[in-house]
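Taking it in order: structure first as structure tokens, then the write-up.
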Amino acid sequence: MRRALLIWAILALLLSGSRAAGAASRQAGPEDRWQWLDNTYWYVPNENLLAIASSPSLPAPIPVSDQTVYHIEHYRAGYFWGITAVSHMKGQSSENTNPACLQLVGSVTPEGKVHLTFTPLSSSPSDSGDSTSQPTIGIGSMTPQRGKWTMENQMSTVAADNILLTHWAYMFQCKPGERCFVRLPGVGTSIPSFLGPCVAGPPG
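Counting in the numbering used here, the sequence shown runs from 208 upward without gaps.
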């Protein structure tokens, strides 16, 4: 009798263990392939700084330099959010310009399709008070480039003085210790300094 009870107890433990393992496997969905996006930094490389500014008041569209940096602070189940800093100006360099600050909320599908929403932060130092407060929408996809994952993104937004800014870029991840983290293309400053005006303290 005791032997039978022992066997039943062992079987019950094995069954409960298999159920727990099955529940854990069901909780891990395909979107978890992008979990590594949590606490990452993204920037525009030099070859993709070119953007186009246009307006009915301009005789023709003009090229501008547009550096955009994301700090993806959190990722969960295909969604991510954080802070964005953007600096753009006419010409080949936007050095010594104050960035515009935006909240970033995005989603990425298991297949790598990206949707981005940027909302201006009231603390933005470049907020002149006459630009639109409507969110900017961007689309893109996770695309391998140079052996790394990039965000191949496209967006258009109304900047100051009703200028429409159109930009696409392969946005690359930048890690602390890399050259891009110390000196961003187009702005000549570090990622912590560039994001500094948009956060309470420098990013970690």
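Where a beta carbon is used, it is the ideal one built from N, C-alpha and C, also for glycine.
- Apart from the 5 residues on each side of it in sequence, A376 sits with its Cβ closer than 7 Å to the Cβ of V251, N255, N360 in its chain, given in chain order.
- Taking C-alpha positions only, I398 is separated from A307 by approximately 14 Å.
- Residue pairing for V312: DSSP places it in a beta bridge opposite W288, T324.
- The C-beta separation of G393 from S272 comes to about 5 Å, placing the pair in contact by the 8 Å criterion.
- Residue pairing by DSSP puts D273 in a beta bridge opposite H295.
- About 11 Å separates the Cβ atoms of F388 and W249, ruling out a contact at the 8 Å cut-off.
- By the neighbour-count criterion, in which 16 or more other beta carbons inside 10 Å mark a residue as buried, G384 falls on the exposed side.
- I279 sits close to D245, with the two beta carbons spaced by under 8 Å.
- Proximity to D368 across S262, L391, S314, A258 peaks at S262, based on C-alpha coordinates.
- Separation of T324 and I346 (C-alpha to C-alpha, rounded to the nearest whole angstrom) is 9 Å.
- Per DSSP, the unbroken beta strand (DSSP E) holding V365 starts and ends at 355–365.
- Apart from sequence neighbours up to five positions away, the residues of its chain that approach T364 with a beta-carbon distance below 7 Å are T343, L372, ordered along the chain.
- The three-state reading of DSSP puts E280 in strand, counting E and B together.
- Judged by DSSP in its simplified three-state form, G236 adopts coil rather than helix or strand.
- The three-state reading of DSSP puts I398 in helix, counting H, G and I together.
- The beta carbons of M358 and M349 sit closer together than 8 Å.
- For the 8 Å CB-CB criterion, P237 and P317 form a contact.
- Note that the C-beta distance between V315 and V321 is below 8 Å.
- By the neighbour-count criterion, in which 16 or more other beta carbons inside 10 Å mark a residue as buried, G354 falls on the exposed side.
- The alpha-carbon separation between L257 and Q242 amounts to approximately 30 Å.
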